[in-house]
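This report concerns only the one structure given below.
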Amino acid sequence: MSQVPVAGSTPPSPRLGKNPAHVQHRKAVDREALTPMMRHYVDIKDEYPQNLLLYRVGDFYETFFEDACTIAKALELVLTSKECGKSVGRATMAGIPHHALERYCRQLVEKGYSVAICDQVEDPALAKGLVRREVTRVITPGTVLEEGLLQARQNNFLAAFVIVGKHWGLAYADISTGEFLATQGSDCEGLFQELLRLQPSEVIFPTDAPDLQQMLRPGEQCDRLPPGAPPQFCYTLRSQGSFVLAEARQRLLQTFRVRSLEGLGCESLPLAVRAAGGLLAYLESTQKEIQVPLQLLRSYSLSEFLIVDHQTRRNLELTQTTRDGTYHGSLLWALDRTRTAMGGRLLRQWLMQPLLNLEEISARQDTIAELMAGPLLRQDLQTLLQNIYDLERLAGRAGSGTANARDLVALADSLERLQDLAHRVADCSTAFLTEIQQVPPTLEALAQRLLDHLVENPPLSLTEGNLIQSGVHTGLDQLRAQVDADQQWIANLEREERDRTGISTLKVGFNKAFGYFLAVSRAKADQVPAAYIRKQTLTNEERYITPELKEREARIFNAQAELFELEYQIFVDLRAEVGEYAQLIRCVAQRIAAVDVLAGLTEVALYQNYCRPVLEDHRHLAIEAGRHPVVEQSLPSGFFVPNGTALGHSVEGGADLMILTGPNASGKSCYLRQVGLIQLMAQMGSFVPAAAAHLGLCDRIFTRVGAVDDLATGQSTFMVEMNETANILNHATARSLVLLDEIGRGTATFDGLSIAWSVAEYLAHQVKARTIFATHYHELNELAALLPNVANYQVTVKAMPDQIIFLHQVAPGGASRSYGIEAGRLAGLPPQVIQRARQVLRQIEKHSKIAVGLRKGHSQEPPPVSGEAEQFELPF
């Protein structure tokens, strides 16, 4: 296994420290001269060359040689050294305490590293010679299970893909929740858009993937990638064998214990099968003995969902803002009122994959409507949901054998509350609420069994007792009684020995090194009975033992060891029993998560006065008093100015193409985005911020907003704009929604105007997509006179002698001015710059023949192309 380096994962240059003889790389040593432990370390490291090897030594996980240099820099640790052989010298070393493993692993995984954990697999006290050690797990960014390494409200996906010619297969899984899905397609754009949607923590692929580096880093030589190709994820190369169809197919059949892939929906999806098989093989190699309980593989098609490409998700700010990449200010922030981590993850999925199925959309809307009709029902549900832990991930940790006692107690508490949920929705009638009206009896029994067996507040450690309640196991109770009796004997010993010896200051003590002892001050040492055996001499006291005390001590230690082992075994059996119900628990968890999402959407709809949109299978888009869901929440109540929208030539007052003009900062971009967000929210099943909305199903939403460049691939702002525009024109259909903000502004005026005119004309006349085209090229208003499905709209302003007032109202008609100079004045440009700009503008308006012709209405042809425009000479 090897990894394509990612940001932060390239091993740093080693720090040599004071001693230049320190060995920095394992390959620079004579292995035969190494100590047995160091030789074993090097042998293990050779098996995991691309992983940081954490090697358990006592209470620490140590790293040596190049790995020590890497983690010292990544974790800001001090480099030390260790003798590794007389003729070799000292090896660089850096380590972490065993109890802090999870914390440090989280930091390493976040930086893109993979970590191999080499544990001691036998008791050092019983070992003969070198303690036996084995790699028990490899933790990679896409295979973490521990709660501390995961984001609670976001999936942690591991993805795998294969490419054959122009065709591809993709599989992805979240091993913490068990989700496992696969699909395939026929062009690389779909693959990369799916990767960008999923944002996987790790992507694996076979070594025979064609032209991989060109595909991951698009440049002038690579024309197979769409605009906005994936960023450099953590990519891991794997051998081709696990991706071979026969082997992958057999692995899927064995894993899910089925005779055919027909039931999984992927019998006719060979590339998806190959990707899924390769993913399973990777899990086997990294998880070792841990059995990850994945859900049954599900296949899906991209055509089942509204397609929202990466550029559109970014422009609409679905999960993070464009400006600074923060959650606050995104659509997810505005809509997320979920009470559980499961609900938070599901809301994100619904947001990223809106539906095309009217029945499924209607089912979600019906539940929101029922919850809106009963506000107390919604409040009670959210109160109950607030006390339910992350059942999906708790079940996953139980099924994989990594759950601790606190996890099982949390799981039991959550399962116990399911009955309260069921009672509260007993009279409900919509699909999502009726699905939680019945609690599987086996889960009720499981919850009671866990609560009966486990103490209320168990410790984190599983091997030091205090996990299981009394009365559960006869043998356990007997051992506890024996230990209690012996400890009571020791507690009485101090008083008895004081009375017998007359030494009033005598004490019974204990430490891990010497066990139990009798402590007597040095001044009283001459009064110690002859039967006492001196064990240790300190500055102020002498410590003794007696044969009887040692016998009791041995009995206590043996009984405690047996007690701890028995408690641990009872716990392991309980955990295994829970693991058998992992799939059932997750099934219930998914239903609860859906109710959580819908209750949260209901809360937003109630407080923000949303309406239920009407969706039908046509091209209409009619919105009455629509609002931007995020901007509205960011402003004081009542400050947002709503606007209507009519798109689709068959809508009264509507057109396929809306040319939207108006000043800078007047709200054109906000208006574009709000139309896109309303359409997207409606197709995810939510109510929408409008007085009324009648919408036709949309197959894709496209946006072209803002000016950005891509310096990494050598693309200028204008080239990025043209790439995005080309993608829209090549993929939009009559059922698409296209939102364009300023096309052609990154080049010469006449070139840009010509491109903008041609793009608008193509969308209206050829594609007939529902389009809003915001522009400062007022010349485009002439299109409305040439094409019947084009209409002009403007964002109105109130112009005064020394200022303009933005009214933020969208009204019919085309604007004749952009008021850009006024916007510059408001932004604080120096007065002399504003004055000169006004002079230049008057000259341009006076001498620009194209502007004069269009204002007089004489032009019936598109604006001249660049070559024709060059003949006009400006007076300066």
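Be aware that the sequence shown starts at 8, since it is given in my numbering, and climbs by one per residue. Glycine included, each C-beta is placed from N, C-alpha and C at the ideal position. Given the structure is predicted, the values throughout are model-derived calculations rather than measurements.
Considering only residues of the same chain and omitting the five flanking positions on each side of residue i, which have a CB-CB separation below 7 Å?
i           : result
residue 588 : 449, 450, 453
residue 90  : 97
residue 220 : Low confidence applies here, because residue 220 scores a pLDDT of 47, under 50, leaving its location unreliable; read the following figure in that light. Cβ neighbours of residue 220 beyond the five flanking positions: none.
residue 4   : The structure shown does not extend to residue 4, since the chain is modelled only from 8 through 883, so no value can be given for it.
residue 407 : 152, 297, 298, 299, 300
residue 108 : 68
residue 391 : 424, 427, 428, 431
residue 346 : 389, 392, 393, 603
Along the chain, where does the alpha helix (DSSP H) containing residue i start, and where does it finish?
i           : result
residue 380 : 365-380
residue 352 : 348-359
residue 457 : 448-460
residue 293 : 277-294
residue 564 : 554-587
residue 672 : Run containing residue 672: none; DSSP gives neither H nor E here.
residue 51  : 43-54
residue 269 : It is not in any alpha helix (DSSP H) - residue 269 carries neither H nor E in the DSSP assignment.
residue 541 : Run containing residue 541: none in the alpha helix (DSSP H); it sits in the beta strand (DSSP E), 540-544.
Residues in the same chain with beta-carbon distance under 6 Å from residue i, minus the five sequence neighbours each way, listed in chain order, please.
i           : result
residue 178 : 167, 189, 282, 283, 286
residue 162 : 181, 352
residue 889 : Any answer about residue 889 is impossible in this case: the structure gives the chain only from 8 up to 883.
residue 550 : 524, 526, 542, 543
residue 398 : 421, 592, 596
residue 744 : 686, 705, 708, 777
Buried or exposed: where does residue i fall if 16 or more other Cβ atoms within 10 Å of its Cβ makes it buried?
i           : result
residue 646 : exposed
residue 460 : buried
residue 547 : exposed
residue 201 : buried
residue 812 : exposed
residue 120 : buried
residue 885 : One cannot answer for residue 885 here, as it falls past the ends of the chain, which runs 8 to 883.
residue 578 : buried
residue 208 : buried
residue 88  : buried
residue 807 : exposed
residue 164 : buried
residue 94  : exposed
residue 462 : exposed
residue 660 : exposed
residue 495 : exposed
residue 303 : exposed
residue 847 : exposed
residue 59  : buried
residue 775 : buried
residue 845 : exposed
Within its chain, find whatever has a CB closer than 8 Å to the CB of residue i; leave out the 5 residues flanking it on each side and keep chain order.
i           : result
residue 508 : 534, 535, 536
residue 666 : 767, 780, 782, 787, 788, 790, 791, 797, 798, 799, 800, 821
residue 363 : 310, 311, 312, 313, 690, 704, 706
residue 623 : 365, 701, 702, 703, 704
residue 640 : 341, 615
If you follow the beta strand (DSSP E) that residue i is in, where does it begin and where does it stop?
i           : result
residue 668 : 664-668
residue 244 : 242-245
residue 399 : First-last for residue 399: 398-407, but that is the alpha helix (DSSP H), not the beta strand (DSSP E).
residue 210 : 209-213
residue 700 : 699-703
residue 709 : 707-711
Beta strand (DSSP E) runs wholly inside the region 114-199, at least 3 long, in chain order: 122-127, 140-146, 165-171, 174-181, 186-192
Segments of 3+ residues assigned as beta strand (DSSP E) that fall wholly inside the region 807-838: 810-819
Three or more C-beta pairs below 8 Å linking the region 143-153 and the region 363-377: no
Contact between the region 818-837 and the region 658-675 (3+ Cβ pairs under 8 Å): yes
Contained beta strand (DSSP E) runs [length at least 3] in the region 732-811, N- to C-terminal order: 744-748, 777-781, 797-807
Every unbroken beta strand (DSSP E) inside the region 86-110 [3 residues or more]: 87-90, 97-104
Contact between the region 125-133 and the region 247-257 (3+ Cβ pairs under 8 Å): no
Touching by the beta-carbon criterion (3+ pairs, under 8 Å), the region 626-633 and the region 646-655: yes
Any beta strand (DSSP E) of 3 or more consecutive residues that is wholly inside the region 606-645: 621-623, 628-633
Alpha helix (DSSP H) segments (min. 4 residues) lying fully within the region 476-528: 481-508
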